[in-house]
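Below you'll find the structure, written out as structure tokens, and then a few comments.
Residue numbers (UniProt numbering): 1 to 157.
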């Protein structure tokens, strides 16, 4: 069909007849809609309805878990998280008790070590005192032995 030969004929489309044959047929690309622009808004509303319907369809799809199932799963996960938090809290408290017991044991050992050092120093001083006494007694015995030898006449000559 030759469009150039049909321009003036009565068989032309109403759009072509109204415009004197110079109007173009609207396409998907150049649609402008109504003069008030409502066509585009109606199309958007339709798309919104379609997307809402498709999302409702998706949520009812058996391959997707239901909202109630997802809520139940979320509650289960939350309950498990709460349990784990409680377990960790107990572990932390137990570790804190153990740490306090270890601190006390360390303090007791430090006190015992300090007492042992004092006892060692005291024993060392006592040993030194006893050694001095023994040396003094030994010297006194030698002097007494020498004096006795002189008195008895067995002295060294």
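Glycine residues also receive a C-beta, built at the ideal position from the N, C-alpha and C atoms.
Residue i versus residue j: straight-line alpha-carbon distance, rounded
| i | j | result |
| --- | --- | --- |
| residue 143 | residue 117 | 39 angstroms |
| residue 113 | residue 89 | 36 angstroms |
| residue 74 | residue 87 | 20 angstroms |
| residue 72 | residue 79 | 10 angstroms |
| residue 81 | residue 104 | 34 angstroms |
| residue 67 | residue 83 | 24 angstroms |
| residue 92 | residue 101 | 14 angstroms |
| residue 108 | residue 115 | 10 angstroms |
| residue 172 | residue 127 | Absent from the model: residue 172. The displayed extent of the chain is 1 to 157, so no value can be given. |
| residue 139 | residue 119 | 30 angstroms |
| residue 122 | residue 111 | 16 angstroms |
Residue i burial status per 10 Å Cβ neighbour count (16 or more: buried)
| i | result |
| --- | --- |
| residue 146 | exposed |
| residue 5 | For residue 5, the predicted structure reports a pLDDT of 46, less than 50, and the residue's modelled location is therefore unreliable. The matter cannot be settled from this model. |
Open item on the list: Could you tell me which whole beta strand (DSSP E) segments of length 3 or greater appear in the region 102 to 137?
Closed with: none
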